[in-house]
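**Student:**
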Amino acid sequence: QKEVEQNSGPLSVPEGAIASLNCTYSDRGSQSFFWYRQYSGKSPELIMFIYSNGDKEDGRFTAQLNKASQYVSLLIRDSQPSDSATYLCAGKEGNYGGSQGNLIFGKGTKLSVKP
Amino acid sequence: NAGVTQTPKFRILKIGQSMTLQCTQDMNHNYMYWYRQDPGMGLKLIYYSVGAGITDKGEVPNGYNVSRSTTEDFPLRLELAAPSQTSVYFCASSRTSGRSSSSYNEQFFGPGTRLTVL
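Residue numbers (our numbering), protein chains in the order written: chain A, 539 to 653; chain B, 158 to 275.
#1: When the Cβ atoms of the region 192-211 of chain B are set against those of the region 237-246 of chain B, are three or more pairs found closer than 8 Å?
#2: From this set, A:L626, A:I556, A:G547, which residue's C-alpha is nearest R615 (chain A)'s C-alpha?
#3: Quick one: Cα of I642 (chain A) to Cα of G220 (chain B), how far?
#4: Return helix, strand or coil for P552 (chain A), following the three-state DSSP convention.
#5: Measure from the alpha carbon of T181 (chain B) to the alpha carbon of each residue in B:T253, B:F231, B:K166, then state which is nearest.
#6: Quick one: is I169 (chain B) buried, meaning 16 or more other Cβ sit within 10 Å of its Cβ, or exposed?
#7: Can you tell me whether T273 (chain B) is buried or exposed, with buried defined as 16 or more other CB within 10 angstroms of its CB?
#8: If you scan the region 210-254 of chain B from start to end, which runs of the beta strand (DSSP E) of 3 or more residues do you find wholly inside it?
#9: Can you find a CB in chain B that lies within less than 8 Å of the CB of Y599 (chain A)?
#10: Going along the chain, which unbroken runs of the alpha helix (DSSP H) with 4 or more residues stay wholly within the region 166-195 of chain B?
#11: Can the beta-carbon of Q576 (chain A) be found less than 8 Å from the beta-carbon of K645 (chain A)?
#12: Is there a Cβ from chain A that is less than 8 Å from the Cβ of P268 (chain B)?
#13: Is there at least one Cβ from chain A nearer than 8 Å to F247 (chain B)'s Cβ?
#14: Going along chain B, which residues have a C-beta under 7 Å from F643 (chain A)?
#15: Using the Cβ count rule (16 or more neighbours within 10 Å means buried), how would you classify N158 (chain B)?
#16: Looking at the unbroken beta strand (DSSP E) that takes in S206 (chain B), where does it start and where does it end?
#17: Take S622 (chain A) as the anchor and find which of A:Y589, A:Y574, A:D565, A:Q569 has the nearest alpha-carbon.
#18: Is there at least one Cβ from chain B nearer than 8 Å to S650 (chain A)'s Cβ?
#19: So what does A557 (chain A) bridge to, in DSSP terms?
#20: Span of the beta strand (DSSP E) holding K648 (chain A)?
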């Protein structure tokens, strides 16, 4: 059973702090990962994509991938109340057995940024 | 571009009724997906399609059917609705497949359909 695990939270951080969101995955064949943000009652939107070990930075967001530990994280610097949302981690299925590389989503971590 | 559109936004069904959730994309994407999202849960893949005329089951296909007669449309059919199908349904599309490990196959999501089966 391929799984992506996330702490459901809620994670509460003060405005201006760094929010750290974590994700682990069971499928060793997974090579790339996505972070989606989902506001309450809305659809998910992609904020980060990473497939190489190490860090990838985009504005206030940094994604980190450690394939040996099967661990993905998302750091949000200078957190703002507008960052309050649920963050979904998704891993792409490994490319074997005719896999189309569909995404496997975690349950999401709810982040609350307090003014 | 409207992106991915879904209708209806909300629907209440009685047990045993049937309905079709509509999904249309205007981005000329080959790949389309149907997910369901239960409260506090992630997205579970119901069915997907890699192009017109080609569909395949995802993780939770029981109780659903799909068709893909055109690139733009990917309707989801619920037959004999059950309370367990109460959920939010999202349709998504992507330009490329996920076959390559580095392929940036961003999935674009529609606004969702909130379905309640009573």
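The C-beta atom is built at its ideal place from N, Cα and C for all residues, glycine as well.
**Tutor:** Quick answer:
#1: yes
#2: Residue 615 (chain A) sits at position 77 when you count from the first residue of the first sequence. Checked all of A:L626, A:I556, A:G547; the closest Cα to R615 (chain A) is A:I556.
#3: Here residue 642 (chain A) refers to the residue found at position 104 when the first sequence is read from its first residue. Here residue 220 (chain B) refers to the residue found at position 63 when the second sequence is read from its first residue. So the two alpha carbons sit approximately 21 Å from each other.
#4: Numbered from its first residue, the first sequence carries residue 552 (chain A) at position 14. P552 (chain A) falls in the strand class under three-state DSSP.
#5: The residue you call residue 181 (chain B) lines up with position 24 of the second sequence. Among B:T253, B:F231, B:K166, the Cα nearest to that of T181 (chain B) belongs to B:F231.
#6: Sequence index remark: in the second sequence, residue 169 (chain B) carries index 12 (1-based). When all chains shown are included, I169 (chain B) counts as exposed.
#7: As a position in the second sequence, residue 273 (chain B) is number 116, starting the count at 1. T273 (chain B) should be labelled exposed.
#8: 211-214, 221-223, 233-235, 244-251
#9: Taking the first sequence and counting its residues from 1, one reaches residue 599 (chain A) at position 61. Here residue 599 (chain A) turns out to be Phe, not Tyr, going by the sequence shown. So no, F599 (chain A) is outside the interface.
#10: none
#11: Within the first sequence, numbered from 1, the residue matching residue 576 (chain A) stands at position 38. Within the first sequence, numbered from 1, the residue matching residue 645 (chain A) stands at position 107. No, the pair does not count as a contact, with Cβ atoms beyond the cut-off.
#12: Residue mapping note: residue 268 (chain B) aligns to position 111 of the second sequence, counting from 1. True, the Cβ-Cβ gap to chain A drops below 8 Å.
#13: Stepping through the second sequence from its first residue, residue 247 (chain B) is reached at position 90. Output row for F247 (chain B): interface = yes.
#14: Within the first sequence, residue 643 (chain A) is the residue found at index 105, counting from 1. Correct list: G199, L200.
#15: As a position in the second sequence, residue 158 (chain B) is number 1, starting the count at 1. N158 (chain B) is exposed by the Cβ-count criterion.
#16: Residue numbering aside, residue 206 (chain B) sits at position 49 when the second sequence is read from its first letter. Looking at the DSSP string, the run of the beta strand (DSSP E) that includes S206 (chain B) is 200-208.
#17: Reading the first sequence from its first residue, position 84 is the one you call residue 622 (chain A). That would be A:Y574, whose Cα lies nearest to the Cα of S622 (chain A).
#18: Counting from one through the first sequence, the residue named residue 650 (chain A) turns up at place 112. Taking Cβ atoms only, chain B never reaches closer than 8 Å to S650 (chain A), which makes this a no.
#19: Translated into the one-based positions of the first sequence, residue 557 (chain A) becomes position 19. A557 (chain A) pairs with A:I614.
#20: Here residue 648 (chain A) is taken as the residue at index 110 of the first sequence, counted from 1. Per DSSP, K648 (chain A) belongs to the beta strand (DSSP E) from 647-652.
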